[in-house]
Ligand SMILES: [Fe+2]
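Residue numbers (the working numbering): 950 to 1163.
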């Protein structure tokens, strides 16, 4: 699967254009960045935009969704089965461990609540990469001070889902908050105390300490 990164939006947001080289079918991970540059790239490569992958429905991650659906009225909007927002007729609800195709490429859905209830990650097993939205960044997790956040759920999502993927898996997160844009799970665990906890209670302490010092 090919990946191109776009930076912009509300707060160093990252959107990704992903595509299948065999079929030219493409998808965008999060409508978080102005679409002009993305569409220019799509046209320059003669790609066919088929899907929008929604990591979660926080406003900054769907900010340019209407711009996209205006130009691509039949775009499949792929998000968690029980979304916190209404996405209309072209919404395709996804469940935990469901596999969805993009041409010949396959993405496995991981439901990873905690930062937000409808958070999901899109894992490409073949190419060892996962799109983590605001569940995991380079260096830390997403924040848990929102009304619908839940630190226990985030612990399970991080430790029982993401950190169970192969250590060489590269994470592509929803914001450029780290010292570089992408990182392997292995390196992220080595560098960050968020990912070194031995228990849920230890993780809760790390998160509470972090939020207190912000
Ligand atoms: Fe978020």
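Using N, Cα and C, we set each Cβ at its ideal position, and we do this for glycine too.
For a quick check, are the C-beta atoms of residue 1028 and residue 1043 less than 8 Å apart? yes
Residue 1143 classed as buried or exposed, judged by whether at least 16 other C-beta atoms fall within 10 angstroms: Its Cβ being crowded by 16 or more others within 10 Å, residue 1143 is buried.
Which partner residues of residue 1054 appear in the DSSP bridge assignment? 1051
Could you tell me whether the region 975 to 992 touches the region 955 to 964, using the rule of 3 or more Cβ pairs below 8 Å? yes
At 4 residues or longer, what runs of the alpha helix (DSSP H) sit wholly inside the region 1045 to 1108? 1100 to 1105
Taking Cβ positions, are residue 1137 and residue 1087 nearer each other than 8 Å? yes
Is residue 1077 near residue 1115, with beta carbons less than 8 Å apart? yes
Among the candidates 1156, 1005 and 962, whose CA atom is the shortest distance from the CA of residue 1127? Of the candidates 1156, 1005 and 962, the one whose C-alpha sits nearest the C-alpha of residue 1127 is 962.
Bridge partners of residue 1157, per DSSP? Bridge partners of residue 1157: none, in fact.
Quick check on DSSP: helix, strand or coil for residue 984? helix
Less than 7 Å separating the Cβ of residue 1083 from some heavy atom of ligand 2? Absence of ligand 2 from the depicted structure is noted, with ligand 1 being the only ligands included.
Own chain partners of residue 1124 with C-beta closer than 8 Å, once the 5 adjacent residues on each side are dropped: 960, 961, 962, 963, 1083 and 1086
Contact belief for residue 1026 with residue 1001 at Cβ below 8 Å, rounded distance in angstroms: 5 Å
State buried or exposed for residue 1046, treating a residue as buried only when at least 16 other CB atoms are found within 10 Å of its CB. So residue 1046 ends up on the exposed side.
Is it the case that the CB of residue 1091 approaches a heavy atom of ligand 1 more closely than 7 Å? yes
Go ahead and pull the three-state DSSP assignment for residue 1118. coil
Over what stretch of residues does the alpha helix (DSSP H) that includes residue 1139 continue unbroken? Segment 1134 to 1140, the alpha helix (DSSP H) holding residue 1139.
Return yes when the C-beta of residue 965 is under 7 Å from any heavy atom of ligand 1, and no when it is not. No, ligand 1 has no heavy atom inside 7 Å of this Cβ.
Just checking my contact of residue 989 with residue 1093 at CB under 8 Å: how many whole Å lie between their CB atoms? With 8 Å as the limit, residue 989 and residue 1093 do not qualify as a contact, their Cβ atoms being about 37 Å apart.
From residue 1157 to residue 994, what distance separates their C-alpha atoms? 46 Å
Kindly indicate which residue of 1134, 1118 and 1068 has the alpha-carbon position closest to the one of residue 1103. 1068
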